[in-house]
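Below: the structure, in structure tokens.
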């Protein structure tokens with residue numbers, strides 16, 4: 020089975036492709052501009068995006084689309100940077116977020132991913148994954164992307180950036196959401 | 020002449036209504052959900068929004084729409100918070116932005132507004148307004164909204180939040196952009 024993942028982020032694509040292979044699913048990257056709306060809700064952002072892209076690619080003979088949106092939600096910052104994590108990463112970056120948390124005891128944070136799948140035969144389906152953890156004092160690690168160097172999931176001594184893709188996929192929000200998608204897809208295929 | 024301003028922000032509506040009255044233009048508030056896309060470009064955000072709203076209201080007998088989007092761009096923070104100013108205000112707030120600038124000498128910033136008008140007879144037109152200034156050390160003033168208490172335009176000793184609406188309209192990015200719109204509308208009307 021082939022699914023089409025609309026993302027411009029190579030790090031995400033690599034994570035998802037690695038995970039999919041163990042389910043016998045082939046993931047292809049759809050290189051198409053994704054309309055992301057401004058919203059506090061990852062679900063709303065992803066649904067809008069998947070519908071927009073689906074309408075564009077259906078005429079090209081592609082009959083399924085997956086989009087994913089994710090964010091880092093820091094409790095002491097009222098959820099900031101949330102859905103705008105990539106913009107915040109590009110501007111104030113890891114250093115800016117650490118500066119905002121200087122002197123702040125509450126380091127609780129979670130990464131959340133929302134995955135939306137849409138096809139003509141299977142309709143629309145939303146999957147979510149959350150991983151709870153904390154923001155460390157100093158960036159650590161070289162893998163991954165974005166805020167991975169400052170996020171340490173509970174149950175691990177390593178930040179996401181200190182983990183290989185395989186290790187990160189054991190913990191991550193994105194792998195949780197995509198694992199649900201892949202299990203569901205396999206159950207759907209086995210019914211037909 | 021009546022124009023329809025799509026905004027949920029009462030502070031903005033009040034500013035624009037006050038300004039419009041001196042041009043003999045009546046501004047009505049369109050209470051409709053505005054689709055705002057994620058983009059570094061206020062122009063792109065506003066154009067997408069005005070087209071979406073125009074398509075929705077034209078069937079209700081409303082034949083013009085104005086949208087405005089604005090942001091505070093801080094030089095030392097690579098333009099942050101920019102188009103996401105209202106989200107950043109809601110989460111880390113004025114205190115968060117001041118914390119990011121602790122120990123930073125470069126306090127340069129500008130507010131930028133983009134106004135887009137669309138009607139069947141006049142088409143689409145974009146107007147921009149920019150006001151340069153600096154981020155002060157401590158919040159001052161009680162008027163306005165958002166980051167007004169920490170932005171002081173060049174040529175004034177007051178922050179935007181220390182100015183009445185009439186005073187702020189002498190300086191502000193929004194009033195510059197809307198003044199251009201109102202002048203243009205008057206010139207168009209006088210031609211017909």
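Residue numbers (this note's numbering), protein chains in the order written: chain A, 20 to 211; chain B, 20 to 211.
For each residue, glycine too, the CB sits at the ideal point set by N, CA and C.
Because the structure is a prediction, the values reported are computed rather than measured.
Starting from residue 23 (chain B), follow its DSSP beta bridges and name the residues at the other end.
B:47
Measure the C-alpha to C-alpha separation of residue 159 (chain A) and residue 54 (chain A) and round it to an integer number of angstroms.
32 angstroms
Kindly indicate the opening and closing residues of the alpha helix (DSSP H) around residue 70 (chain A).
61–76
Could you tell me whether the Cβ of residue 23 (chain A) comes closer than 7 angstroms to any Cβ of chain B?
no
Can you tell me whether residue 97 (chain A) is buried or exposed, with buried defined as 16 or more other CB within 10 angstroms of its CB?
exposed
Since residue 135 (chain B) sits in a beta bridge, which residues does DSSP pair it with?
B:86 and B:145
Is residue 150 (chain A) near residue 130 (chain A), with beta carbons less than 7 angstroms apart?
yes
Excluding sequence positions up to five away, which residues of its chain have a Cβ less than 6 angstroms from the Cβ of residue 169 (chain A)?
Cβ within range, chain order: 113, 154, 155 and 158.
Unbroken alpha helix (DSSP H) run spanning residue 213 (chain A), endpoints
In the structure as shown, chain A starts at 20 and stops at 211, and residue 213 (chain A) therefore has no counterpart that could be examined.
Should the region 193–205 of chain A be regarded as contacting the region 21–34 of chain A, the criterion being three or more beta carbon pairs within less than 8 angstroms?
yes
Euclidean distance between Cα positions of residue 116 (chain B) and residue 93 (chain A)
16 angstroms
Distance, Cα to Cα, residue 126 (chain A) vs residue 95 (chain A)?
Put simply, the backbone Cα of residue 126 (chain A) is about 7 angstroms away from that of residue 95 (chain A).
Check for me: the alpha helix (DSSP H) holding residue 32 (chain B) runs from which residue to which?
29–40
Examine the ligand GDP and report whether any of its heavy atoms sits within less than 6 angstroms of the Cβ of residue 52 (chain B).
Within the structure as shown, the ligand GDP is missing, as the structure has no ligands at all.
Option nearest residue 86 (chain B) by Cα separation, candidates B:164, B:201, B:136 and B:204:
B:136
For a test of the three-state rule: what should DSSP assign to residue 156 (chain A), helix, strand or coil?
DSSP places residue 156 (chain A) in coil when its eight states are reduced to three.
Roughly how many angstroms lie between the CA atoms of residue 111 (chain B) and residue 99 (chain A), to the nearest whole one?
7 angstroms
Could you give the first and the last residue of the continuous alpha helix (DSSP H) run that contains residue 118 (chain A)?
112–119
For residue 109 (chain A), the nearest candidate out of B:205, B:58 and B:203 (CA to CA)
B:58
Verify whether the separation of the beta carbon atoms of residue 104 (chain B) and residue 91 (chain B) is less than 7 angstroms.
yes
Taking buried to mean at least 16 other C-beta atoms within 10 Å of its own C-beta, is residue 44 (chain A) buried or exposed?
buried
So, with DSSP's three-state summary, where would you put residue 93 (chain B)?
It is a strand residue.
Quick one: list the residues of chain B neighbouring residue 31 (chain A), beta-carbon separation under 9 angstroms, in chain order.
Per Cβ cutoff of 9 angstroms: no residues; residue 31 (chain A) is ~16 angstroms from chain B at best.
My guess is that residue 147 (chain A) and residue 128 (chain A) are in contact by the Cβ rule of under 8 angstroms, so how many angstroms apart are they, rounded?
Contact flag wrong, Cβ pair sits at about 17 angstroms.
Less than 6 angstroms between C-beta atoms, sequence neighbours within five positions excluded: which residues of the same chain meet that for residue 107 (chain B)?
100
Taking the C-alpha atoms as reference points, what is the distance between residue 65 (chain B) and residue 52 (chain B)?
If you take the alpha carbons of residue 65 (chain B) and residue 52 (chain B), they lie about 13 angstroms apart.
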